[in-house]
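Numbering (the numbering used here), first residue to last: -10 to 285. Where is the CB? At the ideal position from N, CA and C, for every residue including glycine. I have placed the structure first, in the form of structure tokens, so that the comments after it can refer back to it.
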DNA sequence: CACTTGACCTGTCCGC
DNA sequence: TGCGGACAGGTCAAGT
């Protein structure tokens, strides 16, 4: 999915909708990959507990329980967390919803609350997961140990970003941006969008990007992530927020999935699609040119 | 270590 | 209409 802005949008929705709710039961439709914990764990550490907070680190959601356990959730490519009140989705639901009546065939887990409302974890491709950990152990999870800084925190300066990217001088700037141990939360959409903003070709070796260009890239990345959160994230295919609604950032995208359309800076130049770091990549061939050093 | 590639899944779209 | 292949917001475990 779901990159930083989408996960943050889900987080904000859940913080509003489920904090304070008491968990009555958990249904697991697909295990062990989507939900590796045992029914005994659920009985002991989840049933009867209250949700006390919903936080985010990189693309991971952290749902705190009053039992001092935590749901750690990764939506990967197609995961959704959708809260449904007493009235089911489907007929009569807001028209920007992509969700029909739940559970559906993509539902992997559902959490039923004592007020008869439900939080559904849906995931078409089954890459995502929900894992239960003792809260005290979460900082020791391998991912938490190696994940990079949050790009929207105040201390994420251009110098911090450049310092981290310089450790990956021998790979492409796009691969470095996508590396969660370098910067937290950047995925394919916002890598392409920020590189277009900074006029850097995604296949440029990091060592061939100047410090001045990295400073521009920093500002572009921070502003595009903030704008996307403001727009409720990007709905490319399956992403929805905690109420089943789409995000609108794709209406503001400059290059992502805009191949064969005009570059916003060059009305007569078409966006091209290529493959960089194994991912579909969108560029303006005039704004974003590979430096000769990288070409060698 | 740093880096690249394929695998994990299901669904959709496109060409034959 | 059906079939095969490529591709899709993300990581991982392997390989070099």
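Check, Outcome
"Residue 135, enclosing alpha helix (DSSP H) - first and last residue", "131 to 135"
"Coil, strand or helix - residue 161 by DSSP", "strand"
"Bridge-paired residues (DSSP) for residue 121", "60"
"Residue from -9, -2, 40 whose Cα sits closest to the Cα of residue 232", "-2"
"When 253, 112, 15, 234 are compared against residue 102, the one with the closest alpha-carbon", "15"
"Nearest to residue 138 (by Cα), restricted to the options 171, 110, 52", "171"
"Range covered by the beta strand (DSSP E) that runs through residue 14", "12 to 17"
"DSSP bridge partner residues for residue 40 (one or two, in chain order)", "54"
"4 or more residues per run - each alpha helix (DSSP H) lying fully within the stretch 162 to 197", "162 to 167, 177 to 186"
"Supposed contact pair residue 176 and residue 167 - C-beta distance, whole angstroms, cut 8 angstroms", "7 angstroms"
"Through-space distance from residue 86 to residue 4, alpha-carbon basis", "20 angstroms"
"Close Cβ partners of residue 43 (< 6 angstroms) along its chain, the five nearest in sequence each way excluded", "0, 3, 4, 52"
"C-alpha gap between residue 6 and residue 239, whole angstroms", "25 angstroms"
"Bridge partners - residue 371, DSSP secondary structure assignment", "This structure cannot speak to residue 371, because the chain is shown only from -10 to 285."
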